[in-house]
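Asks: The working numbering applies: residue 9 is where the sequence shown begins, and numbers increase by one. Just dropping this structure here.
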Amino acid sequence: MPQTPHIEHHFTGSEVIRDIVIGMADGLTVPFALAAGLTGMAAVSTHIIVTAGLAEVAAGSIAMGLGGYLAARSDAEHYAGEREREQREIAEVPEVELAEVGEVFRSYGLTDQEIDPVLRAFQASPEAWIDFMMRFELGLEAPNPKRALTSAATIAGAYIVGGFIPLGPYFLFARTQPALVSSILVTLAALLIFGYIKGRFTGLKPVRSALQTALIGGLAAAAAFGIARAFS
């Protein structure tokens, strides 16, 4: 009887999605709060708000992108340092490392008789031994060498896209109050959509994620607006 081949589908873009979430979340929230805060001040034109908003988006995207780059570089350097340490320990104290391998397999229920051939195979293949220790003892995966630049570009790009959403109405309206109302509606809608999509990709309940994202963004803007109004 013919059988349909089993094909597993796994989501493999978690790092890119994480970077988009980081950039878009801040891009939607920070310029939104800035624009709302400036609107709460007296005698501020939409031109000033747009100028300040564009400056913030430029500075914020650079800062966020640089942060993503440094974080990815730090991960790569940490992996390289740990791999070098494992390589040194396998050369200097192989019996200790073999015992650690044995403990890993025993935690999965294998017996010493089943583990012995694996240990001999690792002794004959030091690179595979190191790979095993990195993944199963330390829980570290080899980083993508292009990860730092990709992360920086993704976070910065997502920040810029997110930042232009709350600023958009200030390009279209000459008066600040209509621009603020439109910005609130557009940004809250974007936060809800973004939160929903984020929930789908990250395994959270989409509706709950959408409401949480919109609530956080709304509170940030309300706080900025209230503070600006109180001191204007």
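Cβ atoms here follow ideal geometry from the backbone N, Cα and C, with glycine treated the same way.
1) Would you mind sorting residue 15 into buried or exposed? The rule is 16 or more other CB atoms within 10 Å of its CB.
2) Pick helix, strand or coil for residue 49, following the three-state DSSP scheme.
3) Which term fits residue 82, buried or exposed, when burial requires 16 or more other beta carbons within 10 angstroms of its beta carbon?
4) Tell me whether residue 14 sits in a helix, a strand or coil according to DSSP, three-state version.
5) Given a cut-off of 9 Å on the beta-carbon distance, is the pair residue 173 and residue 194 in contact?
6) Can you find the residues in the same chain that come closer than 7 Å, C-beta to C-beta, to residue 208, ignoring five residues on each side of it along the sequence?
7) From residue 231 to residue 39, what distance separates their C-alpha atoms?
8) What three-state label does DSSP hand residue 20 in the structure shown?
9) In whole angstroms, what is the alpha-carbon distance linking residue 218 and residue 196?
Replies: Checking against the coordinates, here is how it stands:
1) Counting from one through the sequence shown, the residue named residue 15 turns up at place 7. Caution applies to residue 15, whose pLDDT of 46 falls short of 50 and renders its modelled position unreliable; the value that the coordinates give is listed next. The residue is exposed, with fewer than 16 neighbouring Cβ atoms inside 10 Å.
2) For the purposes of this step, residue 49 is identified with residue 41 of the sequence shown, where counting begins at 1. In the structure shown, residue 49 sits in coil (DSSP, three-state: anything other than H, G, I, E or B).
3) Numbered from 1 along the sequence shown, position 74 holds the residue referred to as residue 82. The residue in question, residue 82, is exposed, as its Cβ has fewer than 16 Cβ neighbours within 10 Å.
4) Within the sequence shown, the letter at position 6 stands for residue 14. Below a pLDDT of 50, predicted positions are generally treated as unreliable, and residue 14, at 44, falls in that range; no measurement from the model is reported.
5) By one-based count along the sequence shown, residue 173 stands at place 165. By one-based count along the sequence shown, residue 194 stands at place 186. Contact: yes.
6) Position 200 of the sequence shown, counted from the first residue, corresponds to residue 208. Once the five neighbours on either side are set aside, the close Cβ partners of residue 208 are 214.
7) Position 223 of the sequence shown, counted from the first residue, corresponds to residue 231. Position 31 of the sequence shown, counted from the first residue, corresponds to residue 39. For residue 231 and residue 39, the distance between alpha carbons rounds to 13 Å.
8) Residue mapping note: residue 20 aligns to position 12 of the sequence shown, counting from 1. Low local confidence applies: a pLDDT of 44 at residue 20 is under 50, so the model's placement there is unreliable, and no value is given.
9) As a working mapping, residue 218 is identified with position 210 in the sequence shown. As a working mapping, residue 196 is identified with position 188 in the sequence shown. Spanning the two alpha carbons is a distance of roughly 10 Å.
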